[in-house]
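As structure tokens, the structure follows; a few thoughts come after it.
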Amino acid sequence: TWRPLAAENGMTKNRFDKAHLLEVLTGESSFYRALHVLIDRQREGLQENSDVRMCDLFTEIGRVQKRIESSEQTIQSARRSSPEAFAEWVRSPEVRNILDDIAELITRSQNLVAECLLIARAKRVEYQHELGKMNQGRRLFASMAPTENGPRYLDARP
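Using my numbering, the first residue of the sequence shown is number 2, and each one after it goes up by one.
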């Protein structure tokens, strides 16, 4: 969240300082590093066929989506509250370095997500093929079973 500058600094309550922007962006950089690791673990889980692990990772991905939305809202509120200062801060070398780092992490994460999608699609095709073989076996078994017109009993009890 953004915290306003103190009134004794001569700034209005709706403006934010560069140091706080750096603090928030550093936190965002750390978050995107953790996200990259999470997506890499997801890829490994897909490759290993670890269904339980995948359920945990997909749950975590849901929380990450909410966190990304929150981050976007925070940055947008800072941009709206003091657009001139925000534009100046974004041009500073310290902020640019952090933003470039975040952009690189996002690009690498997008590449991992694309790889995960390819693996997941291949698994889906594999699962559909297995399901088709199971259905074929079930139909074959049903066709070989004797047909009775009378009632069926379990354990020979009426």
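Ideal placement from N, C-alpha and C gives every residue a C-beta, glycine not left out. All figures in this text were calculated on a predicted structure; none of them were measured in a lab.
- Could you spell out the range, first to last residue, of the alpha helix (DSSP H) harbouring D18? Taking the sequence shown and counting its residues from 1, one reaches residue 18 at position 17. Where D18 is concerned, there is no enclosing alpha helix (DSSP H), given that its DSSP letter is neither H nor E.
- Item | Buried versus exposed, by CB contacts within 10 Å (16 or more), G63 | To locate residue 63, count along the sequence shown from 1; it is residue 62. By the neighbour-count criterion, in which a residue is buried when 16 or more other Cβ atoms sit within 10 angstroms of its Cβ, G63 is exposed.
- Message: Please report the distance separating the alpha-carbon of A115 from that of S72.
- Response: Position 114 of the sequence shown holds residue 115. Position 71 of the sequence shown holds residue 72. Distance from the CA atom of A115 to the CA atom of S72, rounded to whole angstroms, is 23 Å.
- Query: On the three-state DSSP scale, how would you describe N50?
  - Reply: Locating residue 50 in the sequence shown gives position 49, where the first residue counts as 1. If DSSP states are grouped into helix, strand and coil, N50 belongs with coil.
- Drop a sphere of 10 angstroms on the beta-carbon of Q77, count the other beta-carbons inside from all chains shown, and report buried for 16 or more, exposed for fewer. As a first step, residue 77 must be located in the sequence shown, where it is residue number 76. Q77 is exposed by the Cβ-count criterion.
- Task: Would you list, in sequence order, the uninterrupted alpha helix (DSSP H) runs of no fewer than 4 residues that lie entirely inside the segment 42-90?
- Result: Fully enclosed alpha helix (DSSP H) runs of 4 or longer: 52-82.
- Item | Rounded separation between I107 and Q129 - CA only | In the sequence shown, residue 107 corresponds to position 106, counting from 1. In the sequence shown, residue 129 corresponds to position 128, counting from 1. Inter-residue distance for I107 and Q129 is about 32 Å (C-alpha atoms, whole angstroms).
- Give a yes or no on whether the C-beta atoms belonging to K124 and L58 are separated by under 8 Å. For the purposes of this step, residue 124 is taken as residue 123 along the sequence shown, with counting starting at 1. For the purposes of this step, residue 58 is taken as residue 57 along the sequence shown, with counting starting at 1. For the 8 Å CB-CB criterion, K124 and L58 do not form a contact.
- Item | Other residues of its chain near M55: CB distance less than 8 Å, five sequence neighbours each side excluded | Residue numbering aside, residue 55 sits at position 54 when the sequence shown is read from its first letter. Taken in chain order, the residues that qualify are Q43, G46, L47.
- S93 (DSSP reduced to helix, strand or coil): Counting from 1 along the sequence shown, the entry for residue 93 is found at position 92. Here S93 carries a coil assignment [DSSP, helix/strand/coil].
- Please say whether I120 and S30 have beta carbons closer to each other than 8 Å? Your numbering for residue 30 matches position 29 in the sequence shown. Your numbering for residue 120 matches position 119 in the sequence shown. No, Cβ-Cβ distance for S30 and I120 is not below 8 Å.
- Task: With distances taken Cα to Cα, identify the nearest neighbour of E24 among L113, E85, T75, V126.
- Result: On the sequence shown, residue 24 is found 23 positions in, with the first residue counted as 1. For E24, the closest of L113, E85, T75, V126 by C-alpha to C-alpha distance is T75.
- Who are the near neighbours of S51 in its chain, counting only those whose CB is closer than 7 Å to its CB and skipping five residues on each side? Counting from one through the sequence shown, the residue named residue 51 turns up at place 50. Cβ within range, chain order: n/a, list empty.
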